[in-house]
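Sequences listed follow chains A and C, in order. In terms of our numbering, the first sequence opens at residue 150 and continues consecutively. In terms of our numbering, the second sequence opens at residue 150 and continues consecutively.
2 protein chains.
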Amino acid sequence: MSKRRFLISGSLKTDQVVDLPSEEAAHARKVLRLKKDDLVELMNGRGLMALAQINRVDKKQVSCLVRKTWQKPRPLPKLVLCCGLIKGGNMDLLAQKFTELAVDEVRPFESLRSVKKLKNPTERIERWERIAGQALKQCGAAHPPAFMPPAEYTEILEAAPPQAGKVMLYENQEHKTLAQVLTELKDKQEIWALVGPEGGFSSQEAIWAEEAGFIQAGLPHVILRAETACLTLASLVRFRL
Amino acid sequence: MSKRRFLISGSLKTDQVVDLPSEEAAHARKVLRLKKDDLVELMNGRGLMALAQINRVDKKQVSCLVRKTWQKPRPLPKLVLCCGLIKGGNMDLLAQKFTELAVDEVRPFESLRSVKKLKNPTERIERWERIAGQALKQCGAAHPPAFMPPAEYTEILEAAPPQAGKVMLYENQEHKTLAQVLTELKDKQEIWALVGPEGGFSSQEAIWAEEAGFIQAGLPHVILRAETACLTLASLVRFRL
């Protein structure tokens with residue numbers, strides 16, 4: 150069984166004593182029944198991990214002594230996933246799955262067929278960050294995705310840097326598969342990927358993306374839902390090679 | 150915009166007039182506002198597809214004339230996904246996603262760390278079949294997965310035929326990745342894949358699988374939730390090459 154992990158917002162240094170946040174402490178004590186001397190893993194959500202040993206458990210707090218720390222590198226390539234805004238529940242699901250699949254940045258966009266104007270974008274992003282924080286503890290990744298506020302589709306196209314590999318999932322692309330395009334881009338250190346909302350991209354949007362350097366890629370046999378397409382794309386980038 | 154698809158339980162022959170099932174007919178008329186002469190796609194859920202033209206829309210029924218039919222082949226390799234039983238909502242999610250990802254057979258199993266004894270397995274399988282039917286219409290795949298009743302883990306190991314490629318996702322496998330194993334199995338016409346429940350496989354279960362010819366495969370960097378691992382595996386089998 151892997152060690153229990155806890156997300157700590159402050160600093161993490163060897164020989165430092167760290168209190169678990171109160172909600173985590175209650176969980177550690179009542180549900181996980183952790184005891185003095187048990188080993189746990191701490192993480193700061195920015196790549197720093199620590200092995201720590203519990204040195205105090207009482208009703209007020211659970212504290213532990215940091216034994217050693219290490220920085221966990223981000224997997225390569227850097228993956229920036231730009232997805233058309235889809236319905237709320239599915240975006241929540243993606244926040245969790247993108248964390249497991251080590252997506253580095255999530256950039257939702259508004260396009261012709263997307264959900265328009267996210268209500269309360271700041272609240273929604275905070276919600277995705279909370280979901281990602283929970284997922285992080287479970288999956289052992291060291292970095293949650295950075296969630297960007299929703300942008301216009303054309304802003305996203307302009308934001309992609311020249312050196313990045315650029316790919317767009319497009320259901321009307323029948324000649325080139327995603328696997329083929331990812332093979333072309335295999336030496337890139339950074340991949341920007343566009344996945345449309347339910348209903349996909351308009352042909353004009355596909356042209357704009359092509360002009361911005363995005364290579365169209367299709368998936369044979371089937372038409373995936375928007376959120377499934379996002380998961381498939383992230384899986385292939387992370388685990389194909 | 151792709152054509153509206155409807156699932157028909159009866160036969161489908163050229164020049165035949167087919168009534169949409171009553172629930173589908175109401176949806177076609179009131180929500181989709183389909184009219185006489187509109188073209189639709191029909192499917193029988195067993196690989197047979199038809200192009201049809203609506204020839205009657207009234208409050209009682211929507212009927213259409215079959216213009217042509219074709220059999221859609223299953224994608225290769227055949228994919229049999231054997232997954233440890235996980236919590237209800239996640240199995241429902243998988244029923245939908247497995248349909249999109251053209252999984253051929255789903256064989257849930259009970260193992261040391263899985264959810265024990267599905268309550269009302271017959272009802273649950275019917276539920277998964279309904280979800281798969283809905284997903285089928287949306288994604289344009291021609292075949293839903295066949296959902297098998299839950300079996301004991303060892304029964305699953307014995308059921309895998311000798312000629313199939315066999316792979317097991319195992320978090321303690323650090324030397325061989327899923328992509329490497331799938332490359333070894335790339336000429337197989339049939340893949341059987343084992344994915345553990347939350348908590349994974351015990352070391353004894355891993356040994357049994359190895360003895361039954363399943364090659365262990367790891368996923369670098371992270372530990373995926375059981376349902377994410379299933380989706381990643383199906384994505385890689387379907388779209389990696």
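The beta-carbon is built from N, C-alpha and C at its ideal position, and this holds for glycine as well.
Whole angstroms is fine: what's the gap from V264(A)'s alpha carbon to K236(C)'s?
Counting from one through the first sequence, the residue named residue 264(A) turns up at place 115. Counting from one through the second sequence, the residue named residue 236(C) turns up at place 87. Their backbone Cα atoms lie some 30 Å apart in a straight line.
Whose C-beta lies closer than 6 Å to the C-beta of L285(A) among residues of the same chain, with five residues either side of it excluded?
In the first sequence, residue 285(A) corresponds to position 136, counting from 1. Excluding positions up to five away in sequence, the list reads T248 and P293.
At 7 Å on the CB atoms, spell out the chain A contacts of C213(C), in chain order.
Position 64 of the second sequence, counted from the first residue, corresponds to residue 213(C). Simply none; closest approach about 22 Å.
Short check: CB of A342(A) to CB of V371(A), under 8 Å?
Position 193 of the first sequence holds residue 342(A). Position 222 of the first sequence holds residue 371(A). No.
How is R314(C) classed by DSSP in three states: helix, strand or coil?
Translated into positions along the second sequence, residue 314(C) becomes position 165. Residue identity check: residue 314(C) is Gly in the sequence provided, not Arg. It is a strand residue.
Can at least three beta-carbon pairs, one atom from the segment 173-188 of chain A and one from the segment 206-226 of chain A, be found at a separation below 8 Å?
yes
From the DSSP secondary-structure annotation, give me the bridge partner or partners of T248(A).
Reading the first sequence from its first residue, position 99 is the one you call residue 248(A). According to DSSP, T248(A) shares a beta bridge with no other residue.
So, using beta-carbon positions, are V215(C) and L169(C) closer together than 8 Å?
Sequence index remark: in the second sequence, residue 215(C) carries index 66 (1-based). Sequence index remark: in the second sequence, residue 169(C) carries index 20 (1-based). Result no, Cβ atoms of V215(C) and L169(C) do not sit closer than 8 Å.
Are the beta-carbon atoms belonging to I280(A) and D253(A) less than 8 Å from one another?
As a position in the first sequence, residue 280(A) is number 131, starting the count at 1. As a position in the first sequence, residue 253(A) is number 104, starting the count at 1. Their beta carbons are not under 8 Å apart, which means I280(A) does not touch D253(A) by this criterion.
Using three-state DSSP, classify K179(C) as helix, strand or coil.
The count along the second sequence starts at 1 and reaches residue 179(C) at position 30. Of the three classes helix, strand and coil, the one that applies to K179(C) here is helix, per DSSP.
CB contact check: E249(A) to chain C, cutoff 8 Å
Counting from 1 along the first sequence, the entry for residue 249(A) is found at position 100. With 8 Å as the cut-off, E249(A) counts as an interface residue toward chain C.
For chain D, is any of its Cβ atoms less than 8 Å away from the one on L368(C)?
No chain D appears in this structure, whose protein chains are A and C.
Which listed residue (E272(C), Q353(C), R178(C) and P222(C)) has its alpha carbon closest to that of L261(C)
Along the second sequence, read from residue 1 onward, the residue named residue 261(C) stands at position 112. The option with the nearest alpha carbon to L261(C) is Q353(C).
Going by other Cβ atoms of all chains shown within 10 Å of its Cβ, with 16 needed for buried, is I305(A) buried or exposed?
Taking the first sequence and counting its residues from 1, one reaches residue 305(A) at position 156. When all chains shown are included, I305(A) counts as buried.
Run down chain C in chain order and give the residues with a C-beta less than 7 Å from the C-beta of V371(A).
If you number the first sequence from 1, residue 371(A) lands on position 222. Neighbours of V371(A) in chain C, taken as residues at a C-beta separation under 7 Å, are given in chain order as E249, A251, C288, G289 and A290.
Bridge partners - V189(C), DSSP secondary structure assignment:
In the second sequence, the residue the question calls residue 189(C) occupies position 40. Beta-bridge pairing links V189(C) to A201(C).
Hey, quick one: how far does the alpha helix (DSSP H) through A308(C) stretch, first residue to last?
As a position in the second sequence, residue 308(C) is number 159, starting the count at 1. Start and end: Y302 to A308.
contact_flag[the segment 313-333 of chain A, the segment 270-279 of chain A] where n(CB pairs < 8 Å) is 3 or more
Touching, no.
Output yes if chain A places a C-beta closer than 8 Å to the C-beta of L181(C); else output no.
Your numbering for residue 181(C) matches position 32 in the second sequence. Chain A, which has no Cβ nearer than 8 Å to the Cβ of L181(C), makes this no.
Under 8 Å (Cβ pairs) to chain C, residues found in the segment 377-389 of chain A
T377, L380, T381, S384, L385, R387, F388 and R389
If contacts are defined as beta-carbon pairs under 8 Å, then M192(C) and R154(C) qualify, I think. What distance do you get, rounded to the angstrom?
The sequence position of residue 192(C) within the second sequence is 43, counting from 1. The sequence position of residue 154(C) within the second sequence is 5, counting from 1. Their Cβ separation, rounded to whole angstroms, is 6 Å, which keeps M192(C) and R154(C) in contact under 8 Å.
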